[in-house]
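Written out below as structure tokens is the structure these notes cover.
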Amino acid sequence: MTIGLAVVCDSYAYYTLGLEKLTGISALKFGLIGNVVVILVALWVGVTLAELSSNLSHLVFPIVAWTFFATKIILGQPLLAKN
């Protein structure tokens, strides 16, 4: 499960920029979908690890916070461009 989280996080550039080139769909859309997937997988891994050790789960939850923060920045960029 932690390997799956690592794969999802590490493959971010491939499923955003790579799929944009293949499909012509904006990398922003793939990135936002990818961020949601990363958040959900990290939450699942964190909750699963919490059953084993609360200390281990604390190491995973910053991924959720950082990805949520990055998603808010991405969503705010079009608003800044309008001003």
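Take the sequence shown: its position 46, counted from the start at 1, is 567 in the numbering used here, and no numbers get skipped.
Built from N, CA and C at the ideal position, the CB exists for glycine as well.
What is the DSSP secondary structure of residue i, reduced to helix, strand or coil?
| i | result |
| --- | --- |
| Ser-574 | coil |
| Ile-546 | coil |
Under 8 Å between the Cβ atoms of residue i and residue j?
| i | j | result |
| --- | --- | --- |
| Leu-570 | Val-581 | yes |
| Ile-595 | Leu-549 | yes |
| Thr-592 | Leu-543 | no |
| Val-566 | Met-522 | yes |
Quick check: the Cα distance between residue i and residue j, rounded to an integer number of angstroms?
| i | j | result |
| --- | --- | --- |
| Cys-530 | Ser-574 | 22 Å |
| Ala-537 | Val-559 | Here residue 537 is Thr; the residue named in the question, Ala, does not match the sequence. Approximately 13 Å, taken between the alpha carbons. |
| Asn-576 | Phe-590 | 23 Å |
| Lys-603 | Gly-597 | 10 Å |
| Ala-563 | Thr-588 | 10 Å |
| Ile-584 | Glu-572 | 18 Å |
How is the alpha helix (DSSP H) around residue i delimited, first residue to last?
| i | result |
| --- | --- |
| Gly-525 | 523 to 531 |
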